[in-house]
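Remarks on the structure that follows.
Protein chains: 2
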Amino acid sequence: MTTLRARQKNDRRKRIVAEAKTLFRRDGYDKTTIENIAEAAGVSGVTVHNYYGTKAGVLLALVIENDALLIDKLEKSLPRDANDIVELTLHFARGVMDHAIAHLDKQIWRQVIAAVTVEANSRLSKAYFQLDHQLAYVLVQRLEGMQKAGRLPVDVDVEHLGKALFHLQNARFIQFISSDDRTEDEIETRLRNDLTALLSAGGRRT
Amino acid sequence: MTTLRARQKNDRRKRIVAEAKTLFRRDGYDKTTIENIAEAAGVSGVTVHNYYGTKAGVLLALVIENDALLIDKLEKSLPRDANDIVELTLHFARGVMDHAIAHLDKQIWRQVIAAVTVEANSRLSKAYFQLDHQLAYVLVQRLEGMQKAGRLPVDVDVEHLGKALFHLQNARFIQFISSDDRTEDEIETRLRNDLTALLSAGGRRT
DNA sequence: CAAAATTTTTTATTGAATAAAATTTTTCGC
DNA sequence: GCGAAAAATTTTATTCAATAAAAAATTTTG
Chain Z
1 MTTLRARQKN
11 DRRKRIVAEA
21 KTLFRRDGYD
31 KTTIENIAEA
41 AGVSGVTVHN
51 YYGTKAGVLL
61 ALVIENDALL
71 IDKLEKSLPR
81 DANDIVELTL
91 HFARGVMDHA
101 IAHLDKQIWR
111 QVIAAVTVEA
121 NSRLSKAYFQ
131 LDHQLAYVLV
141 QRLEGMQKAG
151 RLPVDVDVEH
161 LGKALFHLQN
171 ARFIQFISSD
181 DRTEDEIETR
191 LRNDLTALLS
201 AGGRRT
Chain A
1 MTTLRARQKN
11 DRRKRIVAEA
21 KTLFRRDGYD
31 KTTIENIAEA
41 AGVSGVTVHN
51 YYGTKAGVLL
61 ALVIENDALL
71 IDKLEKSLPR
81 DANDIVELTL
91 HFARGVMDHA
101 IAHLDKQIWR
111 QVIAAVTVEA
121 NSRLSKAYFQ
131 LDHQLAYVLV
141 QRLEGMQKAG
151 RLPVDVDVEH
161 LGKALFHLQN
171 ARFIQFISSD
181 DRTEDEIETR
191 LRNDLTALLS
201 AGGRRT
């Protein structure tokens, strides 16, 4: 049995997040005030604070919703028969960037990254990192597939490899959003350079 | 000829940054107010704003000062005769973490990362990224040395490799400061795992 | 239906950030 | 050196995020 109280709370949460997304997209993060969001959602400003702690908290909540979709999307779109690590990772990186830009602009993504860093121990940040982890695992799974198909040396630890690739991709993603005029192509090139350099540096296989 | 005005301005800058460092370290970032800093430095709060824009701006200014020292330190301490990439990078990472912790605590470093992300286009953030770039180049130089000494395949692009290694190290550094109880050893292990996985995944050299 | 429990709203305060006006200090030509 | 002009700081005022405590409203439960 869901009590009335629980349902109302849920409704308010939904309204707050939905209205926040609309306002953030329309007016930008800075120009949207907590009061604006509260008014649009039909609650008081303090209630927004009670629910999400900070303005960035509201932002994180909506990003987390969207990112859950990204995982599904990547799980479907990431090729299972990739020939090499580079192409796999670049495909992954494209998926992440496309998805990000489709939902929020760079200025707002910078706020997201800042928020999960400063409030790294908050409930919402942990949820965010949890999703990052799942995202990295999509990559790990594909690498396992490649290893089984003999396209990757058997002595490679695919879990470590997947996480490393994810980190690299993430670093470049942050670079992508950190400047308004850095293009996806530019970032793709850099990531490709990272990967080819690293992979070619291993050398001397027996 | 340095005018009196220029000298006074310089003095004020120095006082603000020095007092801010003392206060941030003693009371923490959040509990230190701009007014506290201003009072300690003998100026008005608005002057601090005029000089550095934001509280985070003051923090960045002092971090930039310290990071210049880090570059010198690493340039000296990073071994020129490293046998492999892994040991070189781990040494580098240690240097960065040790230096960071020696100057400010993790909570404050989180503010630094957040600040350079949100205000990615500000003067101070650009200066910060510039130092990051120089830092990465210390690594690049060592790699060049290794390549010349025949400890690295000649077809490896050391500039790309150095930047990639730096990014990876940086990602792990951010992870290091993101939780108060993550140790340097723990991070070293993770970075080692990243590197060995990536380097072993390259394979099939002719 | 009424008391108890829960939640939201109201009210108030602190501090960052920003802008404009007022004041002080330095500079520079004479 | 003096005084006007220029430059910088301080004062004053405002908006908004964040937080806390008290008050009010609503739901739950016996």
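Note that the protein sequences, when read in sequence, are chains Z and A. Residues 1 to 206, numbered by UniProt numbering, are exactly what the first sequence covers, in order. Residues 1 to 206, numbered by UniProt numbering, are exactly what the second sequence covers, in order. Every residue, glycine too, gets a C-beta built ideally from N, C-alpha and C.
* Could you please give the first and the last residue of the uninterrupted alpha helix (DSSP H) stretch that includes Z/Asp181? => Residue mapping note: residue 181 of chain Z aligns to position 181 of the first sequence, counting from 1. Z/Asp181 -> no alpha helix (DSSP H), and no H or E assigned at all.
* Neighbour list for Z/Val118 in chain A, Cβ cutoff strictly below 7 Å -> In the first sequence, the residue the question calls residue 118 of chain Z occupies position 118. Those are Arg110, Gln111 and Ala114, listed as they occur along chain A.
* **Distance, Z/Asn66 Cα to A/Leu198 Cα** => Looking up residue 198 of chain A in the second sequence gives position 198. Looking up residue 66 of chain Z in the first sequence gives position 66. If you take the alpha carbons of A/Leu198 and Z/Asn66, they lie about 30 Å apart.
* **Local Cβ density within 10 Å of A/Ala68, reported as buried at 16 or more and exposed below that** => For the purposes of this step, residue 68 of chain A is taken as residue 68 along the second sequence, with counting starting at 1. Flag for A/Ala68 reads exposed.
* Asked: Which residues of chain Z have a Cβ atom closer than 9 Å to the Cβ of A/Asn66, listed in chain order?
  -> Taking the second sequence and counting its residues from 1, the one referred to as residue 66 of chain A is at position 66. Ordered by position in chain Z, no residue passes the 9 Å Cβ test against A/Asn66, which lies about 19 Å from the chain.
* Asked: Whose Cβ in chain A lies nearer than 9 Å to the Cβ of Z/Lys163?
  -> Taking the first sequence and counting its residues from 1, the one referred to as residue 163 of chain Z is at position 163. Those are Arg190, Asn193, Asp194 and Ala197, listed as they occur along chain A.
* **Local conformation of Z/Ala127 per DSSP, three classes** => Residue mapping note: residue 127 of chain Z aligns to position 127 of the first sequence, counting from 1. In the structure shown, Z/Ala127 sits in a helix (DSSP, three-state: H, G or I).
* Cα-Cα separation between Z/Asp30 and Z/Val154, rounded to whole angstroms -> To locate residue 30 of chain Z, count along the first sequence from 1; it is residue 30. To locate residue 154 of chain Z, count along the first sequence from 1; it is residue 154. Whole-angstrom Cα-Cα distance: 50 Å.
* **Whether Z/Ala82 touches Z/Arg142 by CB criterion (8 Å)** => Translated into the one-based positions of the first sequence, residue 82 of chain Z becomes position 82. Translated into the one-based positions of the first sequence, residue 142 of chain Z becomes position 142. Result yes, Cβ atoms of Z/Ala82 and Z/Arg142 sit closer than 8 Å.
* Since A/Glu35 is in the alpha helix (DSSP H), which residue starts that stretch and which ends it? -> Taking the first residue of the second sequence as position 1, residue 35 of chain A is located at position 35. Ile34 to Ala41 is the span of the alpha helix (DSSP H), which, as asked, contains A/Glu35.
* Are A/Ala136 and A/Ala56 touching if we call contact CB-CB under 8 Å? -> Taking the first residue of the second sequence as 1, we reach residue 136 of chain A at position 136. Taking the first residue of the second sequence as 1, we reach residue 56 of chain A at position 56. For A/Ala136 and A/Ala56, no; Cβs fall outside 8 Å.
* Asked: Along chain A, which residues have their Cβ under 7 Å away from the Cβ of Z/Val156?
  -> Start at 1 with the first residue of the first sequence, and residue 156 of chain Z comes out as number 156. Correct list: Ala197, Ser200 and Ala201.
* Who are the Cβ neighbours of Z/Glu119 in its own chain at under 6 Å, not counting the five residues just before and after it? -> Counted from its first residue, the first sequence places residue 119 of chain Z at position 119. Same-chain partners within the cutoff: Ser125.
* **Enclosing alpha helix (DSSP H) for A/Asp81 [first to last residue]** => Sequence index remark: in the second sequence, residue 81 of chain A carries index 81 (1-based). Where A/Asp81 is concerned, there is no enclosing alpha helix (DSSP H), given that its DSSP letter is neither H nor E.
* Asked: Mind listing which residues of the segment 65-99 of chain Z have their C-beta closer than 8 Å to chain A's C-betas, in chain order?
  -> Ile85
* Check each candidate in Z/Glu75, Z/Val48, Z/Thr117 and Z/Arg151 and name the one with the smallest Cα separation from Z/Leu139. => Position 139 of the first sequence, counted from the first residue, corresponds to residue 139 of chain Z. Looking at the Cα atoms, Z/Glu75 is the closest of the given residues.
* Using the rule of at least 16 other Cβ atoms within 10 Å of the residue's Cβ for burial, across every protein chain shown, is A/Thr32 buried or exposed? -> In the second sequence, counting from the first residue as 1, residue 32 of chain A sits at position 32. Sixteen is the threshold: when 16 or more other Cβ atoms of the shown chains lie within 10 Å of the Cβ of A/Thr32, as they do, the residue is buried.
* **Members of the segment 140-154 of chain A that neighbour chain Z once the beta carbon cut-off is set at 8 Å** => Leu152 and Pro153
* To do: Determine the direct distance from the alpha carbon of Z/Leu78 to that of Z/Thr183, and round the result to whole angstroms.
  => The residue you call residue 183 of chain Z lines up with position 183 of the first sequence. The residue you call residue 78 of chain Z lines up with position 78 of the first sequence. Approximately 21 Å between the Cα atoms of the pair.
* Quick one: give me the first and last residue of the alpha helix (DSSP H) that A/Arg151 is part of. => Here the question's residue 151 of chain A lines up with position 151 in the second sequence. Boundaries for A/Arg151: no alpha helix (DSSP H) harbours it, and the DSSP string shows neither H nor E there.
* Under 8 Å by beta carbon: chain A residues contacting Z/His160 -> Walking along the first sequence from the start, residue 160 of chain Z turns up at place 160. Here the neighbours are Asn193, Asp194, Thr196 and Ala197.
* Taking a Cβ distance cut-off of 9 Å, strictly less, list which residues of the segment 170-188 of chain A are near chain Z, in chain order. => The segment 170-188 of chain A vs chain Z, Cβ under 9 Å: Asn170, Ala171, Arg172, Ile174, Gln175, Ile177, Ser178, Ser179 and Asp180.
* To do: Rounded to whole angstroms, what's the CA-CA distance from A/Arg5 to Z/Gly202? Just pull it up for me.
  => In the second sequence, residue 5 of chain A corresponds to position 5, counting from 1. In the first sequence, residue 202 of chain Z corresponds to position 202, counting from 1. So the alpha carbons of these two residues sit roughly 57 Å apart.
* Using the beta-carbon count (16 or more within 10 Å), is A/Gln130 buried or exposed? -> Translated into the one-based positions of the second sequence, residue 130 of chain A becomes position 130. The residue in question, A/Gln130, is exposed, as its Cβ has fewer than 16 Cβ neighbours within 10 Å.
* Limits of the alpha helix (DSSP H) - the one that Z/Gly45 falls within -> Against the first sequence, residue 45 of chain Z aligns to sequence position 45. Here the alpha helix (DSSP H) through Z/Gly45 covers Gly45 to Tyr52.
* To do: Taking A/Leu168 as the query, report the chain Z residues whose CB atoms sit under 7 Å from its CB, ordered along the chain.
  => Numbered from its first residue, the second sequence carries residue 168 of chain A at position 168. Neighbours of A/Leu168 on chain Z, chain order: Ala164, His167 and Leu168.
* Nearest candidate by alpha-carbon position, reference A/Asp132, set A/Leu23, A/Thr89, A/Asn170 and A/Ala18 -> As a working note, residue 132 of chain A is residue 132 in the second sequence. For the residues A/Leu23, A/Thr89, A/Asn170 and A/Ala18, the minimum Cα distance to A/Asp132 belongs to A/Asn170.
* **Start and end residues, alpha helix (DSSP H) containing A/Lys106** => Within the second sequence, the letter at position 106 stands for residue 106 of chain A. Segment Lys106 to Val118, the alpha helix (DSSP H) holding A/Lys106.
* Residues near Z/Ile177 in its chain [Cβ-Cβ closer than 8 Å; skip 5 each side] -> Start at 1 with the first residue of the first sequence, and residue 177 of chain Z comes out as number 177. Within the same chain, Z/Ile177 has close Cβ partners Ala100, Lys106, Trp109, Arg110 and Ile113.
* Asked: Which one of Z/Val63, Z/Lys148 and Z/Tyr51 has the shortest CA to CA distance from Z/Arg80?
  -> Residue mapping note: residue 80 of chain Z aligns to position 80 of the first sequence, counting from 1. Selected option, being the one with the closest Cα: Z/Lys148.
* **Contacts around A/Arg190, its chain only, beta-carbon distance under 7 Å, and the 5 residues preceding and following it disregarded** => Your numbering for residue 190 of chain A matches position 190 in the second sequence. Excluding sequence neighbours, A/Arg190 sits near Arg172.
* As assigned by DSSP and simplified to three states, the class of A/Ser122 -> Position 122 of the second sequence, counting from 1, holds the residue named residue 122 of chain A. Three-state DSSP puts A/Ser122 in coil, outside helix and strand.
* Under 9 Å from the C-beta of A/Asn121: neighbouring residues of chain Z -> Reading the second sequence from its first residue, position 121 is the one you call residue 121 of chain A. In chain order: Ser178, Ser179 and Asp180.
* Asked: Looking only at its own chain, which residues have a Cβ that is under 7 Å from the Cβ of A/Arg13, when we skip the five neighbours before and after it?
  -> As a first step, residue 13 of chain A is located in the second sequence; it is residue number 13 there, counting from the start. Excluding residues within five positions, the ones whose Cβ falls inside 7 Å are Tyr51.
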